[in-house]
Amino acid sequence: MAAADMQTPVGVWQIVDETGDPKALITITEKDGEYTGSLTKSLGRSDALERRCNDCTDWRKGKKLQGLQIIRGLRKAPESDEYTGGRILDPDSGSEYGVKMRVVDGGEKLEVRGYFGISLLGRTQTWIRER
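Take any residue in the sequence shown, count from 1 to its spot, add 413: that is its number in my numbering.
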């Protein structure tokens, strides 16, 4: 991966849960300045390939989780190191939240903050770049 790419969220990221166990791989891509992310692979679940977003309320309802777009609308904030203005889907609940991201640790980690309404009402996860 090129050094310039390491400073953006483009790439494959591993989500780990609160216990440190790997949960999923998310692939983030960029097109025309918009960053989107899809669930590449569920980890640690025997039914991962068959799971569907049954609680989604939009066009993703009933779609398989594998390959499903869960991040949309992110853009690089001017004069900032954050990517903002996006939405992130929790496929377990079907709920969608605001999201902002920031690449940290020389591109090795991604701080992902999902929130309801304003950024103060949310939580941050740290995702790890896959090699």
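Where a beta carbon is used, it is the ideal one built from N, C-alpha and C, also for glycine.
Where residue i falls: helix, strand or coil (DSSP)
i, result
"GLY486", "strand"
"ASP518", "helix"
Residues bridged to residue i (per DSSP)
i, result
"GLU509", "LEU502"
"LEU523", "VAL516, TRP540"
"GLY535", "TYR528"
Whole-Å CB distance - residue i paired with residue j, under 8 Å assumed
i, j, result
"GLY486", "GLY499", "4 Å"
"VAL525", "THR421", "No, VAL525 and THR421 are not in contact; Cβ-Cβ is about 14 Å, not under 8 Å."
"MET514", "GLU492", "With 8 Å as the limit, MET514 and GLU492 do not qualify as a contact, their Cβ atoms being about 16 Å apart."
"GLY450", "ILE439", "5 Å"
"ILE501", "VAL429", "Actually they do not touch by this definition, with Cβ atoms about 16 Å apart."
"THR523", "GLY480", "In the sequence under discussion, the amino acid at residue 523 is Leu, which differs from the Thr named in the question. Incorrect: roughly 20 Å between the Cβ atoms, too far for contact."
Any non-hydrogen atom of the ligand PLP closer than 7 Å to residue i Cβ
i, result
"SER532", "Inclusion of the ligand PLP in the displayed structure is not the case, the ligand content being empty and no account of it being possible."
Beta carbon proximity, residue i to chain D, threshold 8 Å
i, result
"GLN479", "Any reference to chain D falls outside this structure, which holds one protein chain only."
What are the uninterrupted segments assigned as beta strand (DSSP E) that are 3 or more residues long and contained completely in the stretch 422 to 507, given in chain order? 424 to 429, 435 to 444, 447 to 455, 482 to 489, 495 to 503
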